[in-house]
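Data block below; observations after.
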Amino acid sequence: MRGAKPIRRKKVSEEIVEEIKRWIEQGELPLDSKLPSEKELSDIFGVGRSSIREALSMLAAARIIETRQGEGTFVRKVDLSDYIHPLALSIVAKKEQTLHLLETRKIIELGTAELAALRADQRDLKEMKKALIEFEYQLEIGETGVDADFAFHRAIAIATKNPVLVQVIDNLSPVMKQSLDYTLYQNMGNAAKRKSVLQEHQEIFARIEKRDAQGAVASMRRHLENVKQKLLELKE
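Sequential numbering from 1 applies to the sequence shown in full-length UniProt numbering.
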């Protein structure tokens, strides 16, 4: 048709990048594992070394791999901050990896909910309430509410009076916000689901406010399990 743009075919190096990323995603190349040599990769893909070098350069620029002098090329031990890099993000933002993060959150946040219920002072409760009010407002105007959602969970961590737990949440913040945004986005256009998420947060707060440690843990567990269930219901 007139005006149609020609279809851009992927370069060989880009296809190699996608395949190596798939190896990493599926655990065929675990973190800190050594990649095959240039010659071996050239034989595996049946391409010249120039294409292999270009692909490796792209992966290195994305901070997915690194070259160690005298040792070879390795899959990087990914820092949490790497998750905000666009290419690295394409590896971690999929549903399976979001579920992995959810498991991590469950281990951490059941504990923060319990300790917050035991240790929160009035200032902590005020910060949680403030985040909830902002979360409700963001949902009402059609936003995902990701920043307010994260602020609520961070306020719970602060209420534990344990600076290590706060640091853990802060270290997780880039990838946690990405995960929250991903899950909250699925509720866009569904008033019932958005209301349900808000109520789950309000229930967690109510239990913490009442100093009900077991109830806070149960409410947090229920919230995270509901998030997991919604993720499992999503199509790839």
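In this text, a Cβ means the ideal position worked out from N, Cα and C, and glycines have one as well.
Please return the same chain residues whose Cβ sits closer than 7 Å to the Cβ of residue i, not counting the five positions on each side in sequence.
{"i": "Leu99", "result": "Lys228, Leu231"}
{"i": "Thr112", "result": "Ile156, Ala157, Thr160, Leu165"}
{"i": "Ile65", "result": "Leu35, Leu56, Leu59, Thr73, Phe74, Val75, Arg76"}
{"i": "Ala93", "result": "For Ala93, the predicted model reports a pLDDT of 48, less than 50, meaning its position is unreliable; a value from the coordinates is still stated below. Closer than 7 Å at Cβ, skipping near neighbours: Gln178, Tyr182."}
Can the beta-carbon of residue i be found less than 8 Å from the beta-carbon of residue j?
{"i": "Asn187", "j": "Val197", "result": "yes"}
{"i": "Lys131", "j": "Ala151", "result": "Reading the sequence as shown, one finds Ala at residue 131 and not Lys. It is a contact, given that the beta carbons lie within the stated cut-off."}
{"i": "Glu114", "j": "Ala192", "result": "no"}
{"i": "Leu172", "j": "Asp149", "result": "no"}
{"i": "Arg22", "j": "Glu38", "result": "no"}
{"i": "Ile108", "j": "Val168", "result": "yes"}
{"i": "Glu200", "j": "Asn226", "result": "yes"}
According to DSSP, simplified to helix, strand and coil, what is residue i?
{"i": "Arg22", "result": "helix"}
{"i": "Lys34", "result": "strand"}
{"i": "Leu224", "result": "helix"}
{"i": "Tyr28", "result": "Checking the displayed sequence, the identity of residue 28 turns out to be Glu instead of Tyr. Three-state DSSP puts Glu28 in coil, outside helix and strand."}
{"i": "Ile141", "result": "coil"}
{"i": "Asn171", "result": "helix"}
In the DSSP output, what is residue i paired with across the bridge?
{"i": "Gly72", "result": "Arg68"}
Near residue i, which residues of its chain fall below 8 Å by C-beta distance, leaving aside the five closest residues on each side in sequence?
{"i": "Asp170", "result": "Arg154"}
Spatial neighbours of residue i within its chain, please: C-beta separation below 6 Å, excluding the five flanking residues on both sides.
{"i": "Leu31", "result": "Val75, Lys77"}
Unbroken alpha helix (DSSP H) runs of length 4 or more, entirely within the stretch 103 to 127: which are they? Here no run is fully enclosed.
Length-filtered (3 minimum) beta strand (DSSP E) runs lying within the stretch 178 to 213: With a minimum length of 3 residues, no continuous beta strand (DSSP E) run stays inside the stretch 178 to 213.
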